[in-house]
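Protein chains in written order, with the working numbering: chain A, 1 to 365; chain B, 366 to 730.
There are 2 protein chains.
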Amino acid sequence: MVEPATDTIASTKLVPLLKDELDIVIPTIRNLDFLEMWRPFFEPYHLIIVQDGDPSKIIKVPDGFDYELYNRNDINRILGPKASCISFKDSACRCFGYMVSKKKYIFTIDDDCFVAKDPSGKAINALEQHIKNILSPSTPFFFNTLYDPYREGADFVRGYPFSLREGAPTAVSHGLWLNIPDYDAPTQLVKPLERNTRYVDAVLTIPKGTLFPMCGMNLCFDRDLIGPAMYFGLMGDGQPIGRYDDMWAGWCTKVICDHLGLGVKTGLPYIYHSKASNPFVNLKKEYKGIFWQEEIIPFFQAATLPKDCTSVQKCYIELSKQVKEKLGKVDPYFDKLADAMVTWIEAWDELNPAGAPAKVSNGKA
Amino acid sequence: MVEPATDTIASTKLVPLLKDELDIVIPTIRNLDFLEMWRPFFEPYHLIIVQDGDPSKIIKVPDGFDYELYNRNDINRILGPKASCISFKDSACRCFGYMVSKKKYIFTIDDDCFVAKDPSGKAINALEQHIKNILSPSTPFFFNTLYDPYREGADFVRGYPFSLREGAPTAVSHGLWLNIPDYDAPTQLVKPLERNTRYVDAVLTIPKGTLFPMCGMNLCFDRDLIGPAMYFGLMGDGQPIGRYDDMWAGWCTKVICDHLGLGVKTGLPYIYHSKASNPFVNLKKEYKGIFWQEEIIPFFQAATLPKDCTSVQKCYIELSKQVKEKLGKVDPYFDKLADAMVTWIEAWDELNPAGAPAKVSNGKA
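Quick look at the structure:
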């Protein structure tokens, strides 16, 4: 419906994109000096800091940032017995931030990620690119060979069905990393000196039916569309694996996005990943995951959800049942994980009661 | 098995890659002056020129190129009544060249495609990049977020199953175009001035189960692996549509590659596409295709092939039956096309009898 303008002042873009509709979630165990570099891009936004490890430690946040901080004591206090679903001593704890946010969009970033430069030497505003990705549709049902057709200077190519050109709503924008690539421990050990120097100037939709390894280092998503699927699992303290938190969230999210007709994009923006984690420590965390994933991935590739799963919560509960039934045989860990998936949804719904939709900006800050 | 070197001289790379195992197929109606620009890259290879239109016209080929040329009279003489499956007055005739080749690999290019430059200004040897693509595996079963994992400086990322890291044989390498993008007539009409200036430095595998719009302008494939599926259909003279030749081949090829566990790559190399074809003429050729494709694509998305289809020919004959059964209802054209698909396979098998494998270089030119 076309209507005349009624408020010409509010339409002038004076505020950063989605300023009141997006939270930045950062899991950390140290002072957040890395925010200095991000100041021009992040300062207008609200931060949710999830402090991992010793809750008595004081985390310093540079002046001028608007933030709330949660440590383990806070998590236990807020969730009570349901806090068991939030990992401890692992960056998987970040998903607590997704749960307590009341915004429509989440951007999450690791504290060893710095601002990258594009090939012209310009600092990349990663958040701005994520917002572009998430606000424009995805194309999960047919591949466009010129990549994102909604980008300036691009379009759908010959042979692309016109009925599919409206695309699907974008639920996830997965960004990449220059410098230290996101390799597993065996690859780190074999290629200690490999650095990612290739800037690929593309954003693309991961097709429906295709799984991908989702990395949580530089990730944006629409909390309203997919939030309850972004559970980072049970990792770290007391658990048999680590470094599969984001992978788990990615597999579950992708299966549910495919079922609900939502899109997942990958590619731009890049951040600069400053420091490789210790490959020996990583191997210890990963080794069970490395063989379990050989069964987990076929499981997710074959997973289908019934038609009456019309909400993310319903999909996720259904998926938890399938995890218990099919992956419980692989290891008792998956029984525990399936239970935690249910607890996560219960906690999510408690903190996000129906009828309390995410805050949407009305254009007046 | 590791064995000691026996011929150290032959191992020195003195000849261009796949020199005796690859034919370049060019459909044309004009003198091939465009080859001058390609001379440093194409001259070592054998060309198969398929002359379209008036067979009495003399096509000039620049000196120094090794070629064979077929006009309509040749096609009729060689194929007899089966020549009906080869389109006339349409670049779809190029697939005759695939059939008469005796090499393992085909590269096909349009005569309005010039050498493009990479961002550093260096001339791109498109053929060399296609050969790299086709000689390294594909990854159709799981998406790698850092694109081609076999490329220098890249690898599989964390969370990529180790059992899938050997990849699948690559059957097709689909290259892209700078300058004039491959748009359909409606998009050409709406965006007459749009030029593709974005050089995306990536090669990626199109995942299993995902269709894509395959353009025949800049295309390489393994004839042994997928050749009989590369039929460009019935277009041009006497047919109700045009400009869907490569699309048709792409849909059939992708469904068969998915069934046989073969990979299809897209991305690099770029060529420089010099001249936009007339959008009004294109609209006339395309308009039936534009609504037919709304039924064709769901048909191919749903198509499955039975397990006993173990060769490309068997797959293709099975697909022709499904085309007749399912698309015959859309228009009688598809009945005719389904018959032509069968004729194509008969002609292919006649010119390529079993037991006469494609010539493979023994390393001695």
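Virtual Cβ for every residue (Gly too), placed ideally from N, Cα, C.
Whole-angstrom distance between residue j and residue i, CA atom to CA atom
{"i": "B/Gln553", "j": "B/Leu397", "result": "26 Å"}
{"i": "B/Arg404", "j": "A/Ala116", "result": "40 Å"}
{"i": "B/Ala641", "j": "B/Leu541", "result": "15 Å"}
{"i": "A/Leu18", "j": "B/Asp388", "result": "54 Å"}
{"i": "A/Thr266", "j": "B/Ser676", "result": "35 Å"}
{"i": "B/Phe430", "j": "B/Asp475", "result": "17 Å"}
{"i": "A/Ile241", "j": "A/Lys324", "result": "17 Å"}
{"i": "A/Phe34", "j": "A/Phe42", "result": "11 Å"}
{"i": "B/Leu716", "j": "A/Tyr244", "result": "53 Å"}
{"i": "A/Ser11", "j": "A/Asp20", "result": "Only weak support exists for where A/Ser11 lies, its pLDDT of 47 falling under 50; the value from the coordinates is given anyway. Between A/Ser11 and A/Asp20, the C-alpha separation is close to 15 Å."}
{"i": "B/Lys454", "j": "B/Phe586", "result": "24 Å"}
{"i": "A/Glu286", "j": "A/Leu127", "result": "29 Å"}
{"i": "B/Cys450", "j": "B/Phe507", "result": "37 Å"}
{"i": "A/Thr210", "j": "A/Trp251", "result": "10 Å"}
{"i": "A/Gly238", "j": "A/Phe334", "result": "14 Å"}
{"i": "B/Asp566", "j": "A/Gly80", "result": "50 Å"}
{"i": "A/Tyr70", "j": "A/Glu294", "result": "35 Å"}
{"i": "B/Val695", "j": "B/Trp657", "result": "7 Å"}
{"i": "B/Pro557", "j": "A/Leu164", "result": "22 Å"}
{"i": "B/Ile394", "j": "B/Ala703", "result": "28 Å"}
{"i": "B/Tyr637", "j": "B/Asn583", "result": "10 Å"}
{"i": "A/Ile131", "j": "B/Gly524", "result": "26 Å"}
{"i": "A/Thr289", "j": "A/Tyr231", "result": "Sequence inspection shows Gly at residue 289 of chain A; the Thr mentioned does not correspond to that position. When rounded, the distance between both Cα atoms is 17 Å."}
{"i": "B/Ala594", "j": "B/Thr473", "result": "15 Å"}
Inter-residue CB distance, residue i and residue j (contact presumed, cutoff 8 Å)
{"i": "A/Glu166", "j": "A/Pro137", "result": "7 Å"}
{"i": "B/Pro634", "j": "B/Tyr564", "result": "About 10 Å separates the two Cβ atoms, so there is no contact after all."}
{"i": "A/Ala171", "j": "A/Val255", "result": "A/Ala171 to A/Val255, Cβ: 12 Å. No contact."}
{"i": "B/Ile489", "j": "B/Phe461", "result": "Between B/Phe461 and B/Ile489 the Cβ distance is about 28 Å, and since that is not below 8 Å, they are no contact."}
{"i": "B/Ile413", "j": "B/Val380", "result": "Between B/Val380 and B/Ile413 the Cβ distance is about 20 Å, and since that is not below 8 Å, they are no contact."}
{"i": "A/Met235", "j": "A/Ser87", "result": "5 Å"}
{"i": "A/Lys104", "j": "A/Arg223", "result": "6 Å"}
Interface residues of chain A facing residue i [CB-CB closer than 8 Å]
{"i": "B/Glu659", "result": "Pro161, Phe162, Ser163"}
{"i": "B/Ala641", "result": "Here the premise fails: no neighbours, minimum Cβ distance about 12 Å."}
{"i": "B/Cys617", "result": "Chain A residues near B/Cys617: none, gap ~13 Å exceeds 8 Å."}
{"i": "B/Arg608", "result": "Arg158"}
Range of the contiguous alpha helix (DSSP H) that encloses residue i
{"i": "B/Tyr435", "result": "Per DSSP, B/Tyr435 belongs to no alpha helix (DSSP H); it is in the beta strand (DSSP E), 431-435."}
{"i": "B/Pro605", "result": "Element bounds for B/Pro605: n/a, residue is neither H nor E."}
{"i": "A/Ala338", "result": "332-351"}
{"i": "B/Ile540", "result": "At residue 540 of chain B the sequence reads Gly, which differs from the Ile that was named. Taken as a continuous stretch (DSSP letters only), B/Gly540 belongs to no alpha helix (DSSP H), being part of the beta strand (DSSP E) at 535-544."}
{"i": "B/Thr552", "result": "550-555"}
{"i": "A/Gly263", "result": "Where A/Gly263 is concerned, there is no enclosing alpha helix (DSSP H), although the beta strand (DSSP E) it sits in stretches over 263-273."}
{"i": "B/Pro405", "result": "400-407"}
{"i": "A/Val100", "result": "95-100"}
Close beta carbons around residue i, own chain, < 7 Å, minus the five adjacent residues each side
{"i": "B/Pro740", "result": "With chain B represented from 366 up to 730, any question about residue 740 of chain B goes unanswered, as that position is not in the structure."}
{"i": "B/Ala519", "result": "Leu511, Tyr512, Asp513"}
{"i": "A/Ile317", "result": "Val342, Ile345"}
{"i": "A/Pro169", "result": "Pro137, Leu225, Leu262, Gly263"}
{"i": "B/Glu401", "result": "Pro427"}
{"i": "A/Lys82", "result": "Thr343, Glu346, Ala347"}
{"i": "B/Cys674", "result": "His624, Cys680, Glu683"}
Same chain, Cβ closer than 8 Å to residue i, five either side skipped, listed in chain order
{"i": "B/Pro306", "result": "Past the boundaries of the shown model lies residue 306 of chain B; chain B is included only from 366 to 730, so the question cannot be answered."}
{"i": "B/Asp623", "result": "Pro505, Lys573, Gly574"}
Chain B residues whose Cβ lies nearer than 9 Å to that of residue i
{"i": "A/Glu194", "result": "Gly518, Ala519, Asp520"}
{"i": "A/Asp184", "result": "Phe521, Val522, Arg523, Gly524, Tyr525, Phe527"}
{"i": "A/Met37", "result": "Ordered by position in chain B, no residue passes the 9 Å Cβ test against A/Met37, which lies about 24 Å from the chain."}
{"i": "A/Thr197", "result": "Gly518"}
Other residues of its chain near residue i: CB distance less than 6 Å, five sequence neighbours each side excluded
{"i": "A/Asp182", "result": "Cys215"}
{"i": "A/Ser274", "result": "Asp112, Phe114"}
{"i": "B/Pro409", "result": "Pro381, Lys384"}
Interface residues of chain B facing residue i [CB-CB closer than 8 Å]
{"i": "A/Thr139", "result": "Those within 8 Å of A/Thr139 in chain B number zero; the least Cβ separation is about 10 Å."}
{"i": "A/Pro306", "result": "By Cβ distance, chain B contributes nothing, its closest Cβ being about 20 Å from A/Pro306, past 8 Å."}
Where residue i meets chain A, residues with beta-carbon distance less than 9 Å
{"i": "B/Leu541", "result": "Thr145, Leu146"}
{"i": "B/Lys556", "result": "Asp155"}
{"i": "B/Cys580", "result": "Thr145, Val157, Arg158, Gly159"}
N- and C-terminal bounds of the beta strand (DSSP E) containing residue i
{"i": "B/Val646", "result": "Where B/Val646 is concerned, there is no enclosing beta strand (DSSP E), although the alpha helix (DSSP H) it sits in stretches over 644-667."}
{"i": "A/Cys220", "result": "218-222"}
{"i": "A/Phe107", "result": "105-109"}
{"i": "A/Ile26", "result": "22-28"}
{"i": "A/Leu204", "result": "203-205"}
Interface partners of residue i on chain A, CB under 7 Å
{"i": "B/Ala567", "result": "Val200, Ala202"}
Beta-carbon neighbours of residue i, restricted to chain B and to distances below 7 Å
{"i": "A/Pro207", "result": "Pro572, Thr575"}
Residue-chain proximity (residue i, chain E), Cβ-Cβ < 8 Å
{"i": "B/Pro381", "result": "In the displayed structure, chain E is absent; the protein chains listed are A and B."}
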